[in-house]
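J.: Residue numbers (the working numbering), protein chains in the order written: chain L, 3 to 366; chain D, 65 to 545; chain H, 24 to 186; chain V, 13 to 112.
I have a structure here, written as structure tokens, and I will follow up with some questions on it.
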Amino acid sequence: MIDIAISAILTVFILANIMNLGGLLLWVERKGSAILQDRIGANRAALLGKLPINIGIINTLVADPIKLFTKEDFVPPNADKFLHWMAPILAMVPALIAFIAIPFGDILVIGEREINLQAANLNVGILYILGMVSLGVYGVVLAGWASNSRWALLGGIRASAQMISYEIALGLALIGVVMTFGTLDLQEIARAQGHMIGGVLPGWGIFYQPVAFFIFLTAGIAESKRIPFDLPEAEAELISGYFTEYSGAKQATFMLVDFLESIIVAGLITTLFFGGWQVPFLMRDGLHLPGDIFYPLPSLLVTLVQHGAFVTKLAFFCWLQIMIRWTLPRFRYDQLINLGWKILLPIALANVLVTGLMILIFQA
Amino acid sequence: MIKLPPVNWLSLLPAIIPAFTGILVLCWDLGMKNEERHRLAWLGILGLAITAVVSFCLLGRNEPAFNGSYTLDSYAMFFNLIFCLAGILTFLMSIQYLHTSDIHAGEYYALILFAIVGMVVMAAATDLVNIFLGLETMSIAVYVLAGIWRQRLQSNEAALKYFLLGAFASGFLLYGIALLYGATGSIQLGKIAMHVNEHGASTILLIGVAMLIVGFGFKVAAAPFHVWTPDVYEGAPTTITAFMAVGVKAAAFAAFARVFLHTLGGIHGQWEGILWVLAVLTMTVGNITALVQNNVKRMLAYSSIAHAGYLLVAMVAGKELGGAALMYYLVAYGLMNLGAFGVIIAVGRRGEPNEEFADFAGLGFRYPLLALAMTVFMLSLTGIPPLVGFVGKFYIFSAAVKAGYLWLAVIGVLNSVISAYYYIRVIVSMYMHEGDKVPEKLSARPALAVAILIAAVGTIWLGVFPSASMALSRLSFLALG
Amino acid sequence: MDLLTFFMLAVPLVLFAAVVILHPSPVYSAMSLVVVMSFLALYFFFLDAHMLGWFQIIVYAGSIMVLFLFVIMLLNLQNDPQEHQQPSLRTASRIGGAVLIAELVFLFSRSSSSEKAAAELPEGFGTVVALSEKLFTDFLIPFEITSILLLIAAVGAVVLAKR
Amino acid sequence: MAPISYHLILSGILFTIGVMGVLLRRNTIIIFMAIELMLNAVNLSFVALARHLGSMDGQLIVLFVMAVAAAEAAVGLAIILMVFRNKETINADELKLMRW
């Protein structure tokens, strides 16, 4: 009973934080892109109309959702009403619940009880997340089909082709990681990255699987349909692709899903390639510096620091994706498909092969 | 770390060689010009020849491999020889056919080789999973091959029909496998046989057996599961039709006979009735419908249905004689049928398939050798001594009589008499009718001539001296043990 | 799996399967099939086939059905027109279906009277480790054949669909 | 505990629905989906039987069936696309260039 309660609390904690982070990213995207492009950015919404200090963060965080949620919800004539209504939900749910498999800390000790800081302790976490990612396609594709608009339909077709193509590279990159760590459990993978290579280099996944990292990053961005892979919504060609005919809260949902997907990608990259919640030299009982120097630390502090490390890494990779978005131009559609099938897929396959060879060599 | 089991490479060799050749073909095909593609065929022939030699050398061995899920035995090796024969003749004919049609894909040759891998696996599988996967490997390759002439609408349609009905049939086959697994608790043929011999047949097992019959019946084109056959055979490229009629049918019968005659032999009485009816239906439907065809290719499609019926007679007869007759007849059928399709290819020209009966009018005067070959094949298909078709039918019907199925044999003989009408009709139109449809100059390449020659010589040789090959097929069947 | 769970999964399975073959719109058919496959994944979880459940979601629901949906949208298939088919065939196949179901129910229920209890499950039944151990030992041959099969599928699909 | 016959009956019903779909519908994509439904029904029996017999073989077969289904889907949909390009229809009734 208590276990279930703890899981529920953790789930709510994660979902709340993720939603917040999604909103925050919206602000980072608007204001950050402005900084990147040497302009001022969102500055119209001011608190109470005319406050002298423009607290941009609060304004955007509050004003944007209010604006979106109070708009008229328009369903085009001859659209398939049921699927038009279902599509945002189908897009949202897999993206949201994918998070519960990502560990955001080691074990939290409260009194006698040890709490695993992971909402659902799935021993096949990677498969779970792959499954959710693959289910996420339906929302987008159905949105495109149900709108009864050719722009939306084109966006939906593009989205399905793109997501299927890149899922293969994504899965193959993950196979390299799984081969290295020998488990599908994300918490176990995070734990396995706690050691030091040669006493100085943290044993993070990126040092074992650098190629997989780049494939995963590329395929991940493509899966979340963000620039430079935002062909399904390419506004210059398709107005806004599969959600052209959406407005109000439903459109807000689609925008949120975009951000949620990039947070999943960031969370997975952190967990698989950057040690998850691991901090170099920090073990569960304290700090182990090279040269046998040891500072014991209280367990609660360690857990908090580790959680902080996870959030920092997560935030960094979210920011990186936004940077990429505002730096690179969009691909052409044939370039996108060629990249997926002719470059990423062979490299990912070769990576699996090389990983297997390395494992054989090092075990012999 | 999982420790890999010992791998019996020898037993895998007949499957590995064509697979490897297929991959080589795919690689070599990259950046090859259209007119150079015939070299791929020679590579494929080389690979298949090596496979045939290896299989021949392995005849007489009998060793289970991989925990009894795959077996290297003479039965499998004998069938390998049939597959290699079908493959080599198909390749020889393809050089000509791809030239006159608009198929420019090196994958064509690779897919044939991969289909042969599937067939080899089917023949050697002693495990229901391997049978299923071999069947699918073969079928999926052949679905693609049936539609590989993309510009031709009939080819498109043939691929679609074949694919849908084939997938439908594999659903039934798979359900049969599931029920067999449920009834006996194993998927290995040896264990299933032991269970069946000890406990007899339960209801679930019988439903499973019925489903298996439906699934295999589709693949061997037995009536009433034959409706796809004429359309697919007519629409597919002629070389692929020949390959399907011989290779696919032989592979399906290889698995069919192994499962039914060997594994389920203990409950022979439970399924022989169904197969009896199927055999009669198949022979009759095939022969009667073939009578009214005007297209020779389509006529041969119905004739292949009829021959599936004769082969089913051999299945019903069962035992040593029936099994050996089945294997012998598959060789005979392969030779004469491939030869007949070879002649059809020779008569066709670019843009003019020339497949109607009328197109054969006057062939006997312009091209006596070609017409002679066609006459040999047609007479052999009818079952006229001393050709191989006669010997094959003789063995089948005498096996049926000896096993106590007199009526089945009588119906079979009657059907053979009916079939004489439409086979002889081809000969009649070649020699008795004047026609101008036969082109002045046929552009037959030597490879095609070689293929027809091999088939014709085989048809005559095995008919005149049947004892050696009959003994071989009998020994191979006994190896099922 | 207890009876309650069984019926909670079986009823929607049958209903959505019926929608697959009866709905005039191909998109709705495809989506119902996705639902069927997801319920089957749940069903697999309850039958101690955890890995297969996830594979069911990833392979069937997540990849194969997306491919179907992609083709349906690419061809822009609208609702099927009123099926102008011989009514005799429709009736015949309906009756045939009903008979087949009744027959199956009868046969299976009859053979279940002497049913043995389910076997004791060995340690680690249906887990990744158990599944992969079997896959790379007893099922090595099928595993290798599958690689050829997938190669054929890739080559074949490209040959047929390229312009 | 639901006895094994319940699972097998459910699987049989789903299989029959799939067969009826193949026989009733004329849209080839829907026919193909009905075939997928049949394969799924069989998978259900395999998994239930594996649980019942306590042997993993049934689960492994399902794994291979999934691979086969994926391969079939790729080839089948390619065939359907090819037919649609050439004939502008995928209705089984309109595919009658050849008749017996």
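C-beta atoms are modelled at their ideal positions from N, C-alpha and C, and glycine is treated no differently.
#1: For threonine 327 of chain D, does the three-state DSSP call read helix, strand or coil?
#2: So, at 7 Å on beta carbons, what are the nonlocal neighbours of glycine 398 of chain D in its own chain, with the 5 sequence-adjacent residues on each side left out?
#3: Can you find a C-beta in chain H that's less than 8 Å from the C-beta of alanine 163 of chain L?
#4: Got a sec: which bits of the segment 212-245 of chain D sit with their beta carbon under 8 Å from any beta carbon on chain H, in order along the chain?
#5: Out of V/Val87, V/Phe96 and V/Asp105, which has the shortest C-alpha to C-alpha gap to alanine 177 of chain H?
#6: Rank L/Trp153, L/Val139, L/Asp187 and L/Arg193 by C-alpha distance to the C-alpha of glutamate 169 of chain L and give the top, closest one.
#7: Can you give me the Cβ contacts of histidine 86 of chain L inside the same chain, cut-off strictly under 6 Å, excluding the 5 residues immediately before and after it?
#8: Taking C-beta pairs closer than 8 Å, name the residues in chain V that glutamate 200 of chain D reaches, listed in chain order.
#9: Can you list, in chain order, the residues of its chain whose CB lies under 6 Å from that of phenylalanine 218 of chain L, leaving out five sequence neighbours each side?
#10: Would you mind telling me which residues of chain V sit closer than 8 Å to tyrosine 207 of chain D, beta carbon to beta carbon, in chain order?
#11: Between H/Val151, H/Leu32, H/Pro47 and H/Ser52, which lies nearest to alanine 72 of chain H when the distance is taken from Cα to Cα?
#12: Find the nearest neighbour of valine 74 of chain V within the set H/Met74, H/Gln101 and H/Ser48, judged by alpha-carbon distance.
#13: Please list, in chain order, all residues of the same chain as isoleucine 41 of chain V whose beta carbon is under 7 Å from its beta carbon, the five residues on each side excluded.
#14: Identify the continuous alpha helix (DSSP H) that holds tyrosine 485 of chain D and give its terminal residues.
#15: Alpha carbon to alpha carbon, how far is isoleucine 87 of chain H from tryptophan 321 of chain L?
#16: For valine 142 of chain L, collect the residues of the same chain with a Cβ closer than 7 Å to its Cβ; drop the 5 residues on either side in sequence, then sort them by chain order.
#17: To which residues of the same chain is leucine 291 of chain L closer than 7 Å at the C-beta, ignoring the five residues directly before and after it?
#18: Please list the residues of the segment 117-139 of chain L that have a C-beta atom closer than 7 Å to any C-beta atom in chain H, keeping them in chain order.
#19: So, with DSSP's three-state summary, where would you put phenylalanine 364 of chain L?
#20: If we define contact as Cβ-Cβ less than 8 Å, is serine 136 of chain H a contact residue for chain L?
#21: Quick one: Cα of asparagine 358 of chain D to Cα of phenylalanine 289 of chain D, how far?
#22: Which residues in chain H have a C-beta closer than 7 Å to the C-beta of asparagine 144 of chain D? List them in chain order.
#23: Are methionine 534 of chain D and tyrosine 485 of chain D touching if we call contact CB-CB under 8 Å?
#24: Taking 8 Å as the threshold, find out whether the segment 469-480 of chain D comes into contact with the segment 412-428 of chain D through three or more Cβ pairs.
#25: Taking C-beta pairs closer than 8 Å, name the residues in chain D that glycine 179 of chain H reaches, listed in chain order.
#26: If you draw a straight line from the alpha carbon of methionine 96 of chain D to that of threonine 115 of chain D, how long is it in whole angstroms?
#27: Using the beta-carbon count (16 or more within 10 Å), is arginine 97 of chain V buried or exposed?
#28: Name, going along the chain, the residues of the segment 43-69 of chain V whose beta-carbon falls closer than 8 Å to a beta-carbon of chain D.
#29: Which chain L residues are close to leucine 84 of chain H, counting only those with a beta carbon under 7 Å from its beta carbon?
#30: Rounded to whole angstroms, what's the CA-CA distance from phenylalanine 27 of chain V to isoleucine 361 of chain L? Just pull it up for me.
#31: With H, G and I counted as helix, E and B as strand and the rest as coil, what does DSSP make of serine 136 of chain H?
#32: Straight-line CA distance for isoleucine 80 of chain D to tryptophan 153 of chain L?
#33: Output yes if chain H places a C-beta closer than 8 Å to the C-beta of threonine 28 of chain V; else output no.
#34: Please determine, among H/His46, H/Ala41 and H/Leu63, the residue with the shortest C-alpha to C-alpha distance to phenylalanine 29 of chain H.
#35: Would you report the Cα separation of phenylalanine 216 of chain L and asparagine 131 of chain D, rounded to the nearest angstrom?
#36: Could you please give the first and the last residue of the uninterrupted alpha helix (DSSP H) stretch that includes phenylalanine 261 of chain L?
T.: Result, derived from the coordinates:
#1: helix
#2: Ile146, Leu149, Ala150, Val310 and Ala314
#3: yes
#4: Ile212, Arg214 and Ala223
#5: V/Val87
#6: L/Val139
#7: Val77 and Ala148
#8: Val80, Ala83 and Glu84
#9: Ala175
#10: Val87, Gly88 and Ile91
#11: H/Val151
#12: H/Met74
#13: Ile92 and Ile102
#14: 470-495
#15: 34 Å
#16: Ala93, Gly158, Ala161, Pro234 and Tyr244
#17: Phe283
#18: Val126, Leu129, Tyr130, Leu132, Gly133, Ser136, Leu137 and Val139
#19: helix
#20: Only weak support is given to the placement of serine 136 of chain H: the predicted model assigns it a pLDDT of 48, under 50, and the question is left unresolved by the model.
#21: 23 Å
#22: Within chain H, no residue comes near asparagine 144 of chain D; the closest Cβ sits about 16 Å away, beyond 7 Å.
#23: no
#24: no
#25: Glu171, Leu175, Ile204, Ala205, Tyr207 and Val208
#26: 26 Å
#27: exposed
#28: Ile43, Phe44, Ile47, Met50, Leu51, Ala53, Val54, Ser57, Phe58, Leu61, His64, Leu65, Ser67 and Asp69
#29: Note on residue identity: the sequence assigns alanine, not leucine, to residue 84 of chain H. Ordered by position in chain L, the residues that pass the 7 Å Cβ test against alanine 84 of chain H are Leu137.
#30: 44 Å
#31: Any answer about serine 136 of chain H is weak, because its pLDDT of 48 lies below 50 and its placement is not dependable; what the coordinates show is given next. Looking at serine 136 of chain H - three-state DSSP - the assignment turns out to be coil, as it is neither helix nor strand.
#32: 49 Å
#33: yes
#34: H/Leu63
#35: 42 Å
#36: 250-275
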